[in-house]
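Trainee: Before we start, here is the structure in question, set down as structure tokens.
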Amino acid sequence: MSCSSSDNGLEIVEKYIHSVENNDAKTMETLLADKYIGYGPSFGDSITKPLALKNWEASMGDIYESIEYKKSRNALVEVVSGENKGNWVSNWAELHIKYKKDNYEVDIWANTIYKIENNQIVKSYTFYNEADVLRQLDYVYINSKFLE
261 MSCSSSDNGL EIVEKYIHSV ENNDAKTMET LLADKYIGYG PSFGDSITKP LALKNWEASM
321 GDIYESIEYK KSRNALVEVV SGENKGNWVS NWAELHIKYK KDNYEVDIWA NTIYKIENNQ
381 IVKSYTFYNE ADVLRQLDYV YINSKFLE
């Protein structure tokens, strides 16, 4: 990976993170490639660019007050073979999320890896503990076997 493509990948991810924090869907749209697909956080979850943008606008309208990346760090990764061959940027961060309803706030550890091609994000994988978010939102888990 050349220095210019490395620096550019970091810059693209930084811009994307800032667009999330600033609720800037227009910048998100320019940074996501038309063929973009995102995976996670649950196994089997996936989303395309049009749906990701639609969901983002709905979430920021109805669900989230703000999302702040704290202690955010990025690292460059070059995958040299296989189906995910290419240039990647890994971001790990502590996220502070404020919800509109009931003024809930949660803090989570999140990791997202972004594949960069032609100055755009073409693929991402996001990992965080969904159960921890729900716990902080005061959800209670009941095993369905106990309801029978």
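Residue numbers (this note's numbering): 261 to 408.
Ideal Cβ placement from N, Cα and C applies to all residues, glycine included.
Under the rule that 16 or more other beta-carbon atoms within 10 Å means buried, what is asparagine 378, buried or exposed?
Mentor: With fewer than 16 other Cβ atoms within 10 Å, it is exposed.
Trainee: I need the boundaries of the alpha helix (DSSP H) containing lysine 309, first residue and last residue.
Mentor: Going by DSSP, lysine 309 is part of the alpha helix (DSSP H) stretching over 309 to 322.
Trainee: May I ask which residues mark the beginning and end of the beta strand (DSSP E) holding valine 349?
Mentor: 346 to 359
Trainee: Could you have a look at phenylalanine 303 and say whether DSSP puts it in helix, strand or coil?
Mentor: Looking at phenylalanine 303 - three-state DSSP - the assignment turns out to be coil, as it is neither helix nor strand.
Trainee: So that I know if they touch, is there some Cβ in chain D lying closer than 9 Å to that of serine 332?
Mentor: Among the chains of the structure shown, chain D does not appear; only one protein chain is present.
Trainee: Please report the straight-line C-alpha distance between tyrosine 401 and isoleucine 376, rounded to a whole angstrom.
Mentor: 38 Å
Trainee: Considering just the uninterrupted stretch of the alpha helix (DSSP H) at aspartate 377, what are its terminal residues?
Mentor: The identity of residue 377 in the sequence shown is glutamate, whereas the question assumes aspartate. Note, glutamate 377: premise wrong, no alpha helix (DSSP H); beta strand (DSSP E) at 365 to 377.
Trainee: DSSP three-state label for isoleucine 277, please.
Mentor: Isoleucine 277: helix per DSSP, three-state reduction.
Trainee: Do you know how far the Cα of serine 319 is from the Cα of lysine 360?
Mentor: 10 Å
Trainee: Please list the terminal residues of the continuous beta strand (DSSP E) segment that includes valine 382.
Mentor: 380 to 388
Trainee: Specify whether the region 321 to 330 and the region 338 to 348 touch according to this definition: at least 3 beta carbon pairs, one from each stretch, less than 8 Å apart.
Mentor: Per the Cβ contact rule, the region 321 to 330 is not in contact with the region 338 to 348 (fewer than 3 Cβ pairs under 8 Å).
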